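For reference, the structure discussed in these notes is given below.
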Amino acid sequence: MVEAGTQTSRSADPCPPPSGAGCDLVTVPARQGLEAVDILRRGAGDAVGPVLHDDGGDTLGFVVPAGTAAAWDVPGSTCTGTDGRGLSLAPEPPVEGSDWLLPPDEADPATDPAVLRRALGEAARLIEAADSCR
């Protein structure tokens, strides 16, 4: 399995486009995404990049490096590539009907896809364990 780039660094541009490419967006159910955000913030400090939520509260979107969509295969999630169009990470959300949970100016440039994959797996296990106790 091939993982997309794994290095992130702080910069004024939250998703500096390498050779014209933009960021990709991993979309997950809100419950799993919120657990993953908690896991990422507890475990690796600032390892989480900008995160969008839809106004209906159904999904969260994690900004990941461009190219992640080509190898993304995590069940229950989707990864949308920007095909070089770029994803504007201005203070205003780039998608109508959404808002920032973690705005670009308060987060790393993008979430490392390998780290996100592990956090989503752990979140799914936690949710399954919690639901089985009911």
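Position one of the sequence shown corresponds to residue 1088 (my numbering), numbered consecutively onward.
Backbone N, C-alpha and C fix where the C-beta goes; we use that ideal spot for every residue, glycine too.
Predicted, not measured: the structure shown is a model, and the values here were computed from it.
Beta-carbon separation (whole angstroms), residue i vs residue j, contact threshold 8 Å
| i | j | result |
| --- | --- | --- |
| L1147 | A1117 | 6 Å |
| D1111 | G1184 | Going by Cβ atoms, the distance from D1111 to G1184 rounds to 19 Å, so no, they are not a contact pair. |
| L1203 | A1123 | 7 Å |
| V1151 | V1113 | 5 Å |
| A1211 | Q1119 | 6 Å |
| A1206 | L1139 | No, A1206 and L1139 are not in contact; Cβ-Cβ is about 16 Å, not under 8 Å. |
| D1186 | D1142 | 7 Å |
Beta-carbon proximity check, residue i vs residue j, cutoff 8 Å
| i | j | result |
| --- | --- | --- |
| F1149 | G1136 | yes |
| V1153 | D1199 | This sequence places Ala at residue 1153; Val is not what is there. For A1153 and D1199, no; Cβs fall outside 8 Å. |
Residue environment, residue i, which counts as buried when at least 16 other CB atoms sit within 10 Å
| i | result |
| --- | --- |
| S1224 | Since the displayed the chain opens at 1088 and closes at 1221, residue 1224 lies outside it and no answer follows. |
| T1165 | exposed |
| P1196 | buried |
| A1158 | exposed |
| G1109 | buried |
| P1162 | exposed |
Coil, strand or helix - residue i by DSSP
| i | result |
| --- | --- |
| V1161 | coil |
| P1105 | With a pLDDT of 41 at P1105, under the threshold of 50, the modelled position of this residue cannot be trusted; read the value that follows with caution. Three-state result, P1105: helix. |
| T1155 | helix |
| I1214 | helix |
| D1141 | strand |
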